[in-house]
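Single-structure report; data block below.
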Amino acid sequence: MAPSSSSCNRVYDVFPSFSGEDVRVTFLSHFLKELDRKLIIAFKDSKIERSQSLDPVLKQAIRDSRIAVVVFSKNYASSSWCLNELLEIVKCKEDCGQMVIPVFYGLDPSHVRKQTGDFGKIFAETCKNRTEEVKIQWRRALTDVANILGYHSVTWGNEAKMIEKIANDVLGKLLLTTPNDSEEFVGIEDHIAAMIVLLQLESEEVRMVGIWGSSGIGKTTIARVLFNRLSRHFQGSVFIDRRFISKSMDIYRKGNPDDYSMKLHLQENFLSKILGKRHIKIDHLLKYNHISHHIHISWLLIE
1 MAPSSSSCNR VYDVFPSFSG EDVRVTFLSH FLKELDRKLI IAFKDSKIER
51 SQSLDPVLKQ AIRDSRIAVV VFSKNYASSS WCLNELLEIV KCKEDCGQMV
101 IPVFYGLDPS HVRKQTGDFG KIFAETCKNR TEEVKIQWRR ALTDVANILG
151 YHSVTWGNEA KMIEKIANDV LGKLLLTTPN DSEEFVGIED HIAAMIVLLQ
201 LESEEVRMVG IWGSSGIGKT TIARVLFNRL SRHFQGSVFI DRRFISKSMD
251 IYRKGNPDDY SMKLHLQENF LSKILGKRHI KIDHLLKYNH ISHHIHISWL
301 LIE
C-alpha cells in the first residue's frame, strides 16, 4: 500500500531544512515571513542548540510536519546535522507520505544529485571518519531528494518572486492534502481542486465564488470540506449554513426569516464566532461596511 500522510500526526505545515547563517538571514528569513503572511505554520529551530547528533525534538518536528522544504546551499553538506535531518525527511516521505520540496540555492542540482563540484568536495570532507554505511545512507538521501522537481535559484531573476512561488506551492499542496473530512465522499477532491483554482488564493484581490445547482447534489458538502481546508489559514472563521441559523434561532420551525430581532440575534452569533468572544450584544443591525471596517471578512456564498 502507498504511504498515507494521515497515518502520522501533523503539528506543523512546513519543516525547513537548511545550513548556514547566510541562508538563515537571506532566503529563510524572507521565506518564513511569507509563510507567516499566509498563516502557514512552520517549525522554527532558533531555540535548539545544534550538535553532531540529531536532537530528538528536531526529529519529532520533522515527523510532525506535512511538508519538508530542503534548502540545498553549497555548505549544506558540511553539516552532519543537516545530512541526518535529510535521512529523517526521506524516512518520513517513505513511511508517511510526507511531501518534500527541494530548493537549490546558488548551486547546480546535479552537484547535489551526484555529490560533485564544490558541494561534492565539502560532502567528502564531512564523510571522513564516517562508516561506509553512514556514507551510503547520506548519498542515497541526497540523490533521492535532488531527483524531486524543485526550485533552482539561478533560473530566477528575482528571489522575492521565487519565494512567493514556493510559498504558493506549499499552500496549494496543503489545501490538496486529503484529511479525514473528505475520505467518505467519492470524487470530492476533483471539486475541491476546481474550487481552489477559481478562488485564486495566491491573489491579493477579493473573490466571491458561488456554488449553484439543484437541491441535494452536494453543494453544502463541497463548501463545508473547502471551508475545513481553508479556515485554518485565517485567524477567525465561521461557516454559515442552515444548521448555523437553525441552531441559533430555530428559524425553520418558527419565526419570520425577515424578522429584525432574528437578524439581530444572527449577527450577534456571527460576531461571537468570528471574534471568538461569548455573549456579544448589539442594539442595532450593523451594515457590512461597518463590520468590514474592523474585520477582514471572506464570504463563501452557497445557493
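Counting along the sequence shown from 1, when you hit position 166 you're at 166 in UniProt numbering, and nothing is skipped either side. Beta carbons are placed, not taken as given, at the ideal position from N, Cα and C, and that holds for glycine. Predicted model, so just to flag it, every value in this text is computed and none were measured.
By DSSP's assignment, HIS152 forms a beta bridge with PHE104. DSSP places PHE123 within a helical segment (H, G or I) once states are collapsed to three.
Looking at SER73, LEU83 and LEU275, the one whose alpha-carbon comes closest to that of VAL154 is SER73. Bridge pairing for ALA167: absent [DSSP]. Within the same chain, VAL70, PHE72, VAL145, ALA146, ILE148 and GLY150 come within 7 Å of PRO102 by CB-CB distance, once the 5 residues on both sides are set aside. Here the alpha carbons of CYS82 and ARG63 stand approximately 15 Å from one another. Residue environment for VAL23: buried (at least 16 other C-beta atoms within 10 angstroms of its C-beta). DSSP places ILE89 within a helical segment (H, G or I) once states are collapsed to three. Judged by DSSP secondary structure, ALA141 falls within the alpha helix (DSSP H) whose first and last residues are 132-146.
Exclusion of the five residues before and after TRP138 leaves LEU83 as the residues of its chain whose Cβ lies within less than 6 Å of its Cβ. Under the three-state reduction of DSSP output, GLY20 falls in the coil class, being neither helix nor strand. Here LYS93 is buried, its C-beta having at least 16 other C-beta atoms within 10 Å. If you look at ALA61, you'll find it in the alpha helix (DSSP H) that goes 56-63.
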